[in-house]
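**Student:**
Protein chains: 2
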Amino acid sequence: MSKPVTISDVAARAGVSPTTVSHALSGRRSVSPSALARVKQAADDLGYRPNQVASSLRTQRTHTVALIVPDIANPYYPAVARGLHDAIAADGYYTTIGSTDGERETELGFLDEMVRRSVDGIIVFAFAMGEEDLTRVVPARIPLVVATHNLTNAHDQVNSDDPAGTETATRHLLAQGITEIAFVSGPKGRGPGDRRLTGYTQAMHSAGIVPTASDIIRSDYTVAGGRQAVGELLSRPRPPRALVCANDLIAIGALEAARDAGVAVPADLAVIGFDDVDAASLVAPPLTTVVNPAYEMGRQCGRLLLDRLIEGYDGPPRSVVVPTHLIIRATA
Amino acid sequence: MSKPVTISDVAARAGVSPTTVSHALSGRRSVSPSALARVKQAADDLGYRPNQVASSLRTQRTHTVALIVPDIANPYYPAVARGLHDAIAADGYYTTIGSTDGERETELGFLDEMVRRSVDGIIVFAFAMGEEDLTRVVPARIPLVVATHNLTNAHDQVNSDDPAGTETATRHLLAQGITEIAFVSGPKGRGPGDRRLTGYTQAMHSAGIVPTASDIIRSDYTVAGGRQAVGELLSRPRPPRALVCANDLIAIGALEAARDAGVAVPADLAVIGFDDVDAASLVAPPLTTVVNPAYEMGRQCGRLLLDRLIEGYDGPPRSVVVPTHLIIRATA
DNA sequence: TGACCGACGCAAATCGATTTGCAAGCCGGG
DNA sequence: CCCGGCTTGCAAATCGATTTGCGTCGGTCA
Chain Y
1 MSKPVTISDV
11 AARAGVSPTT
21 VSHALSGRRS
31 VSPSALARVK
41 QAADDLGYRP
51 NQVASSLRTQ
61 RTHTVALIVP
71 DIANPYYPAV
81 ARGLHDAIAA
91 DGYYTTIGST
101 DGERETELGF
111 LDEMVRRSVD
121 GIIVFAFAMG
131 EEDLTRVVPA
141 RIPLVVATHN
151 LTNAHDQVNS
161 DDPAGTETAT
171 RHLLAQGITE
181 IAFVSGPKGR
191 GPGDRRLTGY
201 TQAMHSAGIV
211 PTASDIIRSD
221 YTVAGGRQAV
231 GELLSRPRPP
241 RALVCANDLI
251 AIGALEAARD
261 AGVAVPADLA
271 VIGFDDVDAA
281 SLVAPPLTTV
291 VNPAYEMGRQ
301 CGRLLLDRLI
311 EGYDGPPRSV
321 VVPTHLIIRA
331 TA
Chain D
1001 MSKPVTISDV
1011 AARAGVSPTT
1021 VSHALSGRRS
1031 VSPSALARVK
1041 QAADDLGYRP
1051 NQVASSLRTQ
1061 RTHTVALIVP
1071 DIANPYYPAV
1081 ARGLHDAIAA
1091 DGYYTTIGST
1101 DGERETELGF
1111 LDEMVRRSVD
1121 GIIVFAFAMG
1131 EEDLTRVVPA
1141 RIPLVVATHN
1151 LTNAHDQVNS
1161 DDPAGTETAT
1171 RHLLAQGITE
1181 IAFVSGPKGR
1191 GPGDRRLTGY
1201 TQAMHSAGIV
1211 PTASDIIRSD
1221 YTVAGGRQAV
1231 GELLSRPRPP
1241 RALVCANDLI
1251 AIGALEAARD
1261 AGVAVPADLA
1271 VIGFDDVDAA
1281 SLVAPPLTTV
1291 VNPAYEMGRQ
1301 CGRLLLDRLI
1311 EGYDGPPRSV
1321 VVPTHLIIRA
1331 TA
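So the sequences go chain by chain: Y and D. Heads up, the first sequence is in the numbering used here, so the first residue is 1 and it goes up one at a time. Heads up, the second sequence is in the numbering used here, so the first residue is 1001 and it goes up one at a time.
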């Protein structure tokens, strides 16, 4: 039941004051070589490990950033987390991840808790919150990066170039002479679906086609959701010849729905996804999709935060756009 | 630049002392109805949010548990994280995840940092650490759950029933009259490969077959690693007729290797994985695999911790075994 | 030699909440 | 009327590190 070693214990053993121990270990003020050696020795002997909670209280820095995502089980987000980690770990920052199921209440609750915990920065991949929620819950003193969201100009933001991605995807289909193209989005106003929709719409317009309401269907961002939505779509009298999907999980669900319905992919139904999660290249047939560099997204979020936390940048909000590109496999 | 509201600010506005505010909000001592009302009103008006860092310093509780995994991008672990989250969130605990690439140094570094941060509990899915590492770095006062590891009797542990899983898988192959079965493991002494190997060996023995060294090949736990290892295996003069793989990613790599080599699955090569990650049912052909309930593993880890953190259990280490079962799809 | 400066050490204040110990006020029972 | 007990409030100690302010000591330069 040995209690933890404190800075006073080290000081006592080295025969100096806690002040000197602190300075010796942090190097913030010079310490005589002999004292330095004694302190290091004592700290070593006792196995001293500074209490970060106490340190954080005093310095008002926790060396922690919060990452809020809708669903950590969606393979896109672990890759984001990885990119973020790799961007900030070298500077001693750690990440706390919150998975919120895209529920506004949960998002707000987690955000609030992170503020109470004095995290140094926050990265939000949020679905259900609005700008006013963010500014209400997050004090201005905490740097905030908003990702994959079309809601704010008041904060740093990182976005994949969604419109360009779906536009390229849609053009790829049009170039094959396919014109009956539907877009499978997520719930209205939630997630990147709406921004991806614009690229599709644009490409269609510039081909002289005006998509009707029935060309745009809504799902959630899961395999099961995609399967069901596309299943219904395929049972229509005149189903489309191709689908542009708001993410890969929906697209994978679409492949399942096509198989269920005995529809050949890509011969009778071309399918394009978005994200390029690992599974996209593994499904059968391998999915044609828009690469959305999750790792890079996470990394850029980390960089924007570090700019404010370490470099001391204090200017106006900045916006980073991460390019996307189409990777053609076997479904379109 | 409004600075955060402190308990003293609330006290001042309510016309009471900080003590009373604390008691009013925590309910740890009764407070007169009038004072209670004034405190609540003041806290509300000011938007008071108690500083958790200060609270943690005083109470020695952070309401945080650390989860250490080798690779958060391996889809098995997000599911674990999810199960853990669901087990402990209701009691106000949050999770900090560390991804260590299975490097001993990284594992130890993260563990050390978590101790400095005074987490209330630690869950280790570790690859490279030994028992003595754990006891050295983690003080006895912090509850520790070791998962998927064969190294300790000194701590609570949670394991999937790995031997039973691979034994069932191997018997499934033997029952089809297949006897040339290889086992594709991970690096020696790292991860669950060795425990899964024993089930395979047992089943083979009880069928009167003694696997030779060349029947057991080593890889890492990734798709790329599995592809390469199995690719080499298939170029042998007499390749095996079936594979039992230490995890799904290896098995998926094996499917790719088979495709590369023009070997038909399952006709010429049967493949069985382990874990049943989401992608397992999505690959072509869908993977026959042993279900390793990640979510349940995480949940059980959380329960063991809470038992000590909340229920006050203080007895000897306990061991939970989560059952596994074979799910037959199309590769064996 | 005296003035000045840098190096170095320590006491004490600080971060913000929780909790202990003490005391005042109030009640009912003997 | 007094005492014990309950409620309620506050001052102060506490958690463990960091940092400010002050003072001492030695050395340098004029």
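The C-beta atom is built at its ideal place from N, Cα and C for all residues, glycine as well. As the structure is a computational prediction, the values presented were derived from the model and not from experiment.
Using the rule of at least 16 other Cβ atoms within 10 Å of the residue's Cβ for burial, across every protein chain shown, is E1103 of chain D buried or exposed?
**Tutor:** Stepping through the second sequence from its first residue, residue 1103 of chain D is reached at position 103. Label assigned to E1103 of chain D: exposed.
**Student:** Between V1005 of chain D and L1046 of chain D, is the Cβ-Cβ spacing less than 8 Å?
**Tutor:** Position 5 of the second sequence, counting from 1, holds the residue named residue 1005 of chain D. Position 46 of the second sequence, counting from 1, holds the residue named residue 1046 of chain D. Yes, they are a contact pair.
**Student:** Put I209 of chain Y into one of helix, strand or coil per three-state DSSP.
**Tutor:** Reading the first sequence from its first residue, position 209 is the one you call residue 209 of chain Y. In this structure, I209 of chain Y counts as coil in the three-state DSSP scheme.
**Student:** Which bits of chain D does Q202 of chain Y rub up against, with CB to CB less than 8 Å?
**Tutor:** Here residue 202 of chain Y refers to the residue found at position 202 of the first sequence. Within 8 Å Cβ-Cβ: nothing; Q202 of chain Y doesn't reach chain D, min ~31 Å.
**Student:** Where A1024 of chain D and S1030 of chain D are concerned, what is the direct C-alpha to C-alpha distance, given to the nearest angstrom?
**Tutor:** The residue labelled residue 1024 of chain D in the question sits at position 24 within the second sequence. The residue labelled residue 1030 of chain D in the question sits at position 30 within the second sequence. The straight-line gap from Cα to Cα measures roughly 7 Å.
**Student:** Just reading off the alpha helix (DSSP H) that Q41 of chain Y is part of, what are its end residues?
**Tutor:** Indexing the first sequence from 1 puts residue 41 of chain Y at position 41. Here the alpha helix (DSSP H) through Q41 of chain Y covers P33 to L46.
**Student:** Per DSSP, which one or two residues make a beta bridge with V1244 of chain D?
**Tutor:** The sequence position of residue 1244 of chain D within the second sequence is 244, counting from 1. Residue pairing by DSSP places V1244 of chain D opposite D:F1183 and D:I1272 in a beta bridge.
**Student:** For H63 of chain Y, name the three-state secondary structure that DSSP assigns.
**Tutor:** Your numbering for residue 63 of chain Y matches position 63 in the first sequence. Three-state result, H63 of chain Y: coil.
**Student:** Going by Cα to Cα distance, which pick from Y:R28, Y:M129, Y:A154 and Y:M204 is closest to A164 of chain Y?
**Tutor:** Position 164 of the first sequence, counting from 1, holds the residue named residue 164 of chain Y. The residue with the shortest Cα to Cα distance from A164 of chain Y is Y:M204.
**Student:** Step through the CB atoms of chain Y and report whether any lies within less than 8 Å of the CB of D1120 of chain D.
**Tutor:** Here residue 1120 of chain D is taken as the residue at index 120 of the second sequence, counted from 1. Output row for D1120 of chain D: interface = no.
**Student:** Just to confirm the assignment, what range does the alpha helix (DSSP H) spanning A1164 of chain D have?
**Tutor:** As a working note, residue 1164 of chain D is residue 164 in the second sequence. Looking at the DSSP string, the run of the alpha helix (DSSP H) that includes A1164 of chain D is D1162 to L1174.
**Student:** Does the beta-carbon of H1325 of chain D have 16 or more other beta-carbons within 10 angstroms, so that it is buried, or is it exposed?
**Tutor:** Translated into positions along the second sequence, residue 1325 of chain D becomes position 325. With fewer than 16 Cβ atoms within 10 Å of its Cβ, H1325 of chain D is classed as exposed.
**Student:** Against chain Y, with Cβ distances strictly below 8 Å, would I1072 of chain D count as a contact?
**Tutor:** Taking the first residue of the second sequence as position 1, residue 1072 of chain D is located at position 72. Yes, contact with chain Y.
**Student:** Am I right that V1277 of chain D and P1075 of chain D are in contact with their C-beta atoms under 8 Å? What's the rounded C-beta distance?
**Tutor:** For the purposes of this step, residue 1277 of chain D is identified with residue 277 of the second sequence, where counting begins at 1. For the purposes of this step, residue 1075 of chain D is identified with residue 75 of the second sequence, where counting begins at 1. Yes, V1277 of chain D and P1075 of chain D are in contact; Cβ-Cβ is about 4 Å, under 8 Å.
**Student:** How many whole angstroms separate the CB atoms of A207 of chain Y and L174 of chain Y, which I take to be in contact at a CB cut-off of 8 Å?
**Tutor:** Your numbering for residue 207 of chain Y matches position 207 in the first sequence. Your numbering for residue 174 of chain Y matches position 174 in the first sequence. Confirmed, Cβ separation roughly 5 Å.
**Student:** Pull out every residue of the stretch 1267–1279 of chain D whose Cβ sits closer than 8 Å to any Cβ of chain Y, in chain order.
**Tutor:** D1278 and A1279
**Student:** Any Cβ of chain Y within less than 8 Å of the Cβ of R1049 of chain D?
**Tutor:** The sequence position of residue 1049 of chain D within the second sequence is 49, counting from 1. R1049 of chain D counts as touching chain Y.
**Student:** Find the nearest neighbour of T1289 of chain D within the set D:D1314, D:S1034, D:A1251 and D:D1215, judged by alpha-carbon distance.
**Tutor:** Your numbering for residue 1289 of chain D matches position 289 in the second sequence. Among D:D1314, D:S1034, D:A1251 and D:D1215, the Cα nearest to that of T1289 of chain D belongs to D:A1251.
**Student:** Nearest chain D C-beta to I142 of chain Y closer than 8 Å, yes or no?
**Tutor:** Here the question's residue 142 of chain Y lines up with position 142 in the first sequence. Output row for I142 of chain Y: interface = no.
**Student:** Determine the direct distance from the alpha carbon of G1225 of chain D to that of G186 of chain Y, and round the result to whole angstroms.
**Tutor:** Here residue 186 of chain Y is taken as the residue at index 186 of the first sequence, counted from 1. Here residue 1225 of chain D is taken as the residue at index 225 of the second sequence, counted from 1. So the alpha carbons of these two residues sit roughly 35 Å apart.
**Student:** Report back the beta-carbon spacing between V1053 of chain D and V1069 of chain D to the nearest angstrom; my notes put them in contact at under 8 Å.
**Tutor:** Here the question's residue 1053 of chain D lines up with position 53 in the second sequence. Here the question's residue 1069 of chain D lines up with position 69 in the second sequence. Wrong, their Cβ atoms sit about 26 Å apart, outside the cutoff.
**Student:** Step through the CB atoms of chain Y and report whether any lies within less than 8 Å of the CB of S1056 of chain D.
**Tutor:** Position 56 of the second sequence, counting from 1, holds the residue named residue 1056 of chain D. Yes, S1056 of chain D counts as interfacial toward chain Y.
**Student:** Determine, using beta carbons only, whether V1016 of chain D and A1037 of chain D come nearer to each other than 8 Å.
**Tutor:** Working through the second sequence from its first residue, we reach residue 1016 of chain D at position 16. Working through the second sequence from its first residue, we reach residue 1037 of chain D at position 37. Cβ atoms of V1016 of chain D and A1037 of chain D: not closer than 8 Å.
**Student:** Quick check on this structure: which residue in D:D1215, D:A1087 and D:T1148 has the alpha carbon closest to the alpha carbon of V1322 of chain D?
**Tutor:** Along the second sequence, read from residue 1 onward, the residue named residue 1322 of chain D stands at position 322. The candidate whose alpha carbon is nearest that of V1322 of chain D is D:T1148.
**Student:** Give, in chain order, every unbroken run of the beta strand (DSSP E) that is at least 3 residues long and sits entirely within the stretch 51–121 of chain Y.
**Tutor:** 64–69 and 94–99
**Student:** P1143 of chain D to L1309 of chain D, Cα distance in whole Å?
**Tutor:** Within the second sequence, the letter at position 143 stands for residue 1143 of chain D. Within the second sequence, the letter at position 309 stands for residue 1309 of chain D. Going by the C-alpha atoms only, they are around 8 Å apart.
**Student:** Does DSSP put H1325 of chain D in a helix, a strand or coil?
**Tutor:** Your numbering for residue 1325 of chain D matches position 325 in the second sequence. It is a strand residue.
**Student:** List the residues of chain D whose Cβ lies closer than 9 Å to the Cβ of I97 of chain Y, in chain order.
**Tutor:** Working through the first sequence from its first residue, we reach residue 97 of chain Y at position 97. In chain order: I1072, A1081, T1095, T1096 and I1097.
**Student:** Are any of the Cβ atoms in chain Y nearer than 8 Å to that of P1239 of chain D?
**Tutor:** For the purposes of this step, residue 1239 of chain D is taken as residue 239 along the second sequence, with counting starting at 1. No - not a single Cβ of chain Y is within 8 Å of the one on P1239 of chain D.
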